[in-house]
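K.L.:
Below is a structure I'd like to ask you about.
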Amino acid sequence: AGSGQKLEQWRKDCYKKIDKFFEQKCQELDELVNEKVGKQREELNRIHLKITELINAQETTRQDIDLLTSTIRQLKNNMKNIERACVMMNTRPL
């Protein structure tokens, strides 16, 4: 094989490695986002159950409402942080 063919094969091999690395990082990112979103979903379900419980008991205190409001605000901030993390990705040269 000539020098040109060797160089072309080297280029193809490099692109394959880059593509494989890219796919791996995409999968890792998907897993991370799914994990974080899953935790937020669990917390939302917990809040939903608590609200239902308070409605059924009809004994809601101001403290209960404040706690739920605070938890909902925190969830909102967490979701914004997840969205920002998805947009802000650190890449480095190979």
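For the sequence shown, my numbering assigns the number -2 to the initial residue and increments by one for each residue that follows.
Where a beta carbon is used, it is the ideal one built from N, C-alpha and C, also for glycine.
Since this is a predicted model, take the numbers as computed values, not measurements.
1) In this structure, does DSSP put Glu25 in helix, strand or coil?
2) Taking 8 Å as the threshold, find out whether the region 16 to 23 comes into contact with the region 38 to 58 through three or more Cβ pairs.
3) Throw me the rounded Cβ distance for the Glu40 and Leu72 pair, which I believe falls under 8 Å.
P.N.:
Quick look at the numbers:
1) Helix.
2) No, because fewer than three Cβ pairs between the region 16 to 23 and the region 38 to 58 fall closer than 8 Å, the two stretches do not touch.
3) About 6 Å; that satisfies the 8 Å criterion.
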